[in-house]
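Residue numbers (this note's numbering): 669 to 950.
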């Protein structure tokens, strides 16, 4: 038996054939080439048909990880970084492509897939209660409670970018949320720019760049740039507060940090722990 898995992102589609034990038999990454709507669905189903023909083993299941919300009752997907995927009927596409009721098909949000992967093969093995905090362009959390993924009434549990961690409320929090505004990859850039705009005397590393990324901020931090230091200190505070809130609400065995920002932010895990310890129940 074998399974086929897809990881859909905003710019690419990763696909693979696995054994039931998780060993990769074949993998391939395709660019979306700015496709939108049904063209992205067609890219997935064409690749699915190709892999089903290619596999020397019988396909037992198909799984698709999507960047947004998978509405399990309807089989539709909301993926904000893919145009035309506001309520896309992906399950219909997959069922038509597979055309075999014996093959199980699952669609899930990327944050749920992250924690499921960690429980199966990663840092949360043997855990029944754990959380994966994905910090990249945005922020999301996959949460396991009593061995089950926490989904919520509308499948949006884990949208932690909107955690209210500061006051008073500001209009800039509406689009992405307070937490994400300051502590995601894009948020780190926004915060750094706000510090630069607020300091007319600043002439550091980031001042010399017209456009910069969160990785530029981390590089500037290594050079002891004052704006980078302030920016990442702020992010550490928000990451620590969030970890403390997770401890208080969910009492997990483990909190796992991942995503493109962790990466370079792994160096701050001890500081995040110390910050969380200030806020969490002793």
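Heads up, the beta-carbon is just placed ideally off N, CA and C, and yes, glycines get one too.
* Mind pulling the alpha helix (DSSP H) runs of 4 or more residues that sit fully within the segment 744-817? -> Runs found: 758-766 and 778-789.
* For residue 887, the nearest candidate out of 929, 921, 923 and 866 (CA to CA) -> Start at 1 with the first residue of the chain shown, and residue 887 comes out as number 219. Of 929, 921, 923 and 866, the smallest CA-CA separation from residue 887 is found for 929.
* Name the two residues that bound the continuous beta strand (DSSP E) containing residue 868. => Here residue 868 is taken as the residue at index 200 of the chain shown, counted from 1. Element bounds for residue 868: n/a, residue is neither H nor E.
* To do: Write down the C-beta distance between residue 736 and residue 748 rounded to the nearest angstrom, noting that I regard them as a contact closer than 8 angstroms.
  => For the purposes of this step, residue 736 is taken as the residue at position 68 of the chain shown. For the purposes of this step, residue 748 is taken as the residue at position 80 of the chain shown. About 6 angstroms separates the two Cβ atoms, so the contact holds.
* Asked: Cα-Cα, which of 918, 913, 722 and 900 is closest to residue 937?
  -> Here residue 937 is taken as the residue at index 269 of the chain shown, counted from 1. The shortest Cα separation from residue 937 among 918, 913, 722 and 900 belongs to 900.
* Roughly how many angstroms separate the alpha carbons of residue 858 and residue 782, rounded to a whole number? -> Working through the chain shown from its first residue, we reach residue 858 at position 190. Working through the chain shown from its first residue, we reach residue 782 at position 114. If you take the alpha carbons of residue 858 and residue 782, they lie about 26 angstroms apart.
* Given a cut-off of 7 angstroms, decide if residue 921 and residue 795 are closer than it, judged by their beta-carbon atoms. => Along the chain shown, read from residue 1 onward, the residue named residue 795 stands at position 127. Along the chain shown, read from residue 1 onward, the residue named residue 921 stands at position 253. Cβ distance < 7 angstroms, so residue 795 and residue 921 count as in contact.
* Outcome for residue 788 when other beta-carbon atoms lying within 10 angstroms are tallied against a minimum of 16 -> Within the chain shown, residue 788 is the residue found at index 120, counting from 1. A residue is called buried once 16 or more other Cβ atoms fall within 10 Å of its Cβ, and residue 788, having fewer, is exposed.
* Determine the burial state of residue 905: buried for a count of at least 16 other Cβ atoms within 10 Å of its Cβ, exposed for fewer. => The sequence position of residue 905 within the chain shown is 237, counting from 1. By the neighbour-count criterion, in which a residue is buried when 16 or more other Cβ atoms sit within 10 angstroms of its Cβ, residue 905 is buried.
* Asked: Given that a residue counts as buried once 16 or more other Cβ atoms are within 10 Å of its Cβ, and exposed if not, what is residue 916?
  -> Here residue 916 refers to the residue found at position 248 of the chain shown. Answer is exposed; the Cβ neighbour count stays below 16.
* To do: Decide if residue 670 is buried, meaning its Cβ has at least 16 other Cβ atoms within 10 Å, or exposed.
  => Position 2 of the chain shown, counting from 1, holds the residue named residue 670. Residue 670 is buried by the Cβ-count criterion.
* Return the CA-CA distance between residue 754 and residue 824, expressed in angstroms with no decimal places. => Start at 1 with the first residue of the chain shown, and residue 754 comes out as number 86. Start at 1 with the first residue of the chain shown, and residue 824 comes out as number 156. Annotation: residue 754 to residue 824 spans about 14 angstroms, alpha carbon to alpha carbon.
* To do: May I ask which residues mark the beginning and end of the alpha helix (DSSP H) holding residue 899?
  => Residue 899 sits at position 231 when you count from the first residue of the chain shown. Note, residue 899: alpha helix (DSSP H), 894-918.
* Asked: Which class does residue 852 belong to by DSSP, given the choice of helix, strand or coil?
  -> Stepping through the chain shown from its first residue, residue 852 is reached at position 184. Secondary structure at residue 852: coil, using DSSP grouped into helix, strand and coil.
* Strand pairing of residue 687, partner residues [DSSP] -> On the chain shown, residue 687 is found 19 positions in, with the first residue counted as 1. Partner(s): 670.
* Could you tell me whether the Cβ atoms of residue 811 and residue 826 are closer together than 7 angstroms? => Along the chain shown, read from residue 1 onward, the residue named residue 811 stands at position 143. Along the chain shown, read from residue 1 onward, the residue named residue 826 stands at position 158. Contact flag set, yes.
* To do: Would you be able to state if there are at least three C-beta pairs under 8 angstroms between the segment 673-680 and the segment 698-717?
  => These segments touch.
* To do: Check whether the Cβ atoms of residue 719 and residue 672 lie closer than 7 angstroms to each other.
  => For the purposes of this step, residue 719 is taken as the residue at position 51 of the chain shown. For the purposes of this step, residue 672 is taken as the residue at position 4 of the chain shown. A distance below 7 angstroms separates the beta carbons of residue 719 and residue 672.
* Rank 767, 869, 706 and 776 by C-alpha distance to the C-alpha of residue 819 and give the top, closest one. => What you label residue 819 is simply residue 151 of the chain shown in a count that begins at 1. It is 776.
* Asked: What number of angstroms, rounded off, separates the C-alpha of residue 721 from the C-alpha of residue 800?
  -> In the chain shown, residue 721 corresponds to position 53, counting from 1. In the chain shown, residue 800 corresponds to position 132, counting from 1. Approximately 34 angstroms between the Cα atoms of the pair.
* **Span separating the alpha-carbon of residue 890 from that of residue 829** => Here the question's residue 890 lines up with position 222 in the chain shown. Here the question's residue 829 lines up with position 161 in the chain shown. Residue 890 and residue 829 have their C-alpha atoms roughly 27 angstroms apart.
* **Where residue 728 falls: helix, strand or coil (DSSP)** => Here residue 728 refers to the residue found at position 60 of the chain shown. Look at residue 728 here: in three-state DSSP terms it is strand.
* Asked: Alpha carbon to alpha carbon, what distance is there between residue 852 and residue 924?
  -> Here residue 924 is taken as the residue at index 256 of the chain shown, counted from 1. Here residue 852 is taken as the residue at index 184 of the chain shown, counted from 1. Their Cα atoms are separated by approximately 16 angstroms.
* Asked: Among residues of its own chain, excluding the 5 on either side of residue 912, which ones have a beta-carbon nearer than 7 angstroms to its beta-carbon?
  -> Here residue 912 is taken as the residue at index 244 of the chain shown, counted from 1. Hits under 7 angstroms: 944, 947 and 948.
* From which residue to which residue does the beta strand (DSSP E) around residue 947 run? -> Stepping through the chain shown from its first residue, residue 947 is reached at position 279. Segment 937-947 is the alpha helix (DSSP H) holding residue 947; no beta strand (DSSP E) there.
* So residue 807 packs on residue 848, CB below 8 angstroms; how close in whole Å? -> The residue you call residue 807 lines up with position 139 of the chain shown. The residue you call residue 848 lines up with position 180 of the chain shown. Confirmed, about 5 angstroms.
* Asked: What residue range is occupied by the uninterrupted alpha helix (DSSP H) comprising residue 717?
  -> Looking up residue 717 in the chain shown gives position 49. Secondary structure note for residue 717: its alpha helix (DSSP H) is the uninterrupted segment 705-722.
* Report buried or exposed for residue 732, applying the criterion of at least 16 other Cβ atoms within 10 angstroms of its Cβ. => By one-based count along the chain shown, residue 732 stands at place 64. By the 10 Å Cβ count, residue 732 comes out buried.
* State the start and end residues of the unbroken beta strand (DSSP E) segment that holds residue 699. => On the chain shown, position 31 is the one that residue 699 refers to. Where residue 699 is concerned, the enclosing beta strand (DSSP E) stretches over 692-699.
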